[in-house]
Amino acid sequence: MRYSREHKQETHDRIVKKASVRLREKGAHGIGVADLMKEAGLTHGGFYAHFDSREALVIEAFGYAMDRSMEHWRKQSDQVTPEKQLSQIVETYLSAVHRDNPGHGCSIPALGAEIARESPKTRKAFAGKLDEMIEMITDFIPNLPRKAARKQAIATLATMAGTMLLARIAGSSELSDEVLKTGKDSALDGARREPKAAAAKKAKQS
C-alpha cells in the first residue's frame, strides 16, 4: 500500500515526538528502535523509511524537545511585562513539577552530559539549539546592552540547568528541594540585578 506524503510526514512526526520523550526520560542510549517503533504503532522495519540512522533520529528528537522548551518559554513570557519575563522563566523552570517530569522538560539537564560524549555531528546540532536558547533568554533581558545581556543569559541558563540536574540526582527529597530553592534564588538574584550604570544613575539622583 502506498501512503500519501502527508501520511508519511505525520508518521515521521509521531516517531520524533515519542523519541523526544523517551530520550529525556532514559537518555540517548536508553531507547531501542524496536520498542520505540512499537510504541508509535509501527514495525521495526519501517524505521529506515523515515531516518537514515539512529543518530539522525536522536538529533531530530532532541531538536524537537528543545524547540518545545523555547515554545513554552515564549508562552510563559507573554504572561508578564518585559522586565519580569526572565524571572517568570526561572520560576517555572526550577520547579518540582519540572524536576519530576524529565520526559516533558528541558533537554539540557536530561541529555547534556550524554551529548557531550556523542559524535561531532550530534554535538554541533545540540550546540546550535543551545545558542538559540541563549539568544531567546537574552531577549528577556531588556535593561542591558546586548553583549552584557547575553553574558547574563548564559549565566542564568547554566544556573538553571545545573540546578535541575543536581535536584534530579537528589531525587524527591529535602536535599532536592533545598537545591531547587537555592538555585532558584541565585538565578532570580541575577535576573533582578540592576545594571551598574542604572544603579549609579539612581544613586546620583537620590
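Using the UniProt record's numbering, the first residue of the sequence shown is number 1, and each one after it goes up by one. Ideal Cβ positions, reconstructed from N, Cα and C, are used throughout, including at glycine.
*asked:* So, for A125: in the same chain, excluding its five sequence neighbours on each side, which residues have a beta-carbon less than 7 angstroms away from its beta-carbon?
replied: Within the sequence shown, residue 125 is the residue found at index 125, counting from 1. I59 and G63.
*Between the C-alpha atoms of T138 and L188, what's the straight-line distance to the nearest angstrom?*
For this step, residue 138 is matched to residue 138 along the sequence shown. For this step, residue 188 is matched to residue 188 along the sequence shown. Taking the straight line from one Cα to the other gives about 15 angstroms.
*Can you say whether A203 is buried or exposed, counting buried as having 16 or more other CB atoms within 10 angstroms of its CB?*
Here residue 203 corresponds to residue number 203 of the sequence shown, with the count starting at 1. Unreliable placement is indicated for A203, whose pLDDT of 47 sits below 50; the coordinate value is still reported in the next sentence. Counting Cβ neighbours within 10 Å, A203 comes out exposed, since fewer than 16 surround it.
*Tell me whether R74 sits in a helix, a strand or coil according to DSSP, three-state version.*
Within the sequence shown, residue 74 is the residue found at index 74, counting from 1. It is helical.
*Does DSSP put A40 in a helix, a strand or coil?*
In the sequence shown, residue 40 corresponds to position 40, counting from 1. Here A40 sits in coil by DSSP.
_Three or more C-beta pairs under 8 angstroms: does that hold for the stretch 85 to 100 against the stretch 152 to 171?_
yes
*Are three or more beta carbon pairs between the stretch 64 to 79 and the stretch 17 to 25 nearer than 8 angstroms?*
yes
*For R192, the nearest candidate out of E39, G46, Q85 and L175 (CA to CA)*: On the sequence shown, position 192 is the one that residue 192 refers to. Closest option to R192, Cα to Cα, is Q85.
_Judging by CA-CA distance, which residue of S107, A49, V90 and K38 is the nearest neighbour of D9?_
Position 9 of the sequence shown holds residue 9. Just to set this straight, residue 9 is Gln in the shown sequence, not Asp. Comparing Cα positions, the closest option is A49.
*Determine the closest residue to I115 out of L130, R14, F140 and H104, with distance taken between C-alpha atoms.*
Taking the sequence shown and counting its residues from 1, the one referred to as residue 115 is at position 115. Nearest of L130, R14, F140 and H104 to I115, Cα basis: L130.
*Between the stretch 166 to 186 and the stretch 96 to 112, do three or more beta carbon pairs fall short of 8 angstroms?*
yes
_Less than 8 angstroms between the beta carbons of I108 and I134, yes or no?_
In the sequence shown, counting from the first residue as 1, residue 108 sits at position 108. In the sequence shown, counting from the first residue as 1, residue 134 sits at position 134. Going by C-beta atoms, I108 is not nearer than 8 angstroms to I134.
*When DSSP labels each residue in this structure, what does F51 get in the three-state scheme?*
In the sequence shown, residue 51 corresponds to position 51, counting from 1. In this structure, F51 counts as coil in the three-state DSSP scheme.
*Give the straight-line distance between the Cα atoms of H12 and T122, rounded to the nearest whole angstrom.*
Counted from its first residue, the sequence shown places residue 12 at position 12. Counted from its first residue, the sequence shown places residue 122 at position 122. Their Cα atoms are separated by approximately 19 angstroms.
*How many angstroms separate the CA atom of E83 from the CA atom of I15?*
One-based indexing of the sequence shown puts residue 83 at position 83. One-based indexing of the sequence shown puts residue 15 at position 15. Going from the Cα of E83 to the Cα of I15 covers about 39 angstroms.
*What do you reckon, are the CB atoms on R24 and G105 nearer than 8 angstroms?*
Residue 24 sits at position 24 when you count from the first residue of the sequence shown. Residue 105 sits at position 105 when you count from the first residue of the sequence shown. A contact, by the Cβ cut-off of 8 angstroms.
*Going by alpha carbons, who is nearest to G112 out of H29, S4, S77 and E6?*
Residue mapping note: residue 112 aligns to position 112 of the sequence shown, counting from 1. Checking every option, the nearest Cα to that of G112 belongs to H29.
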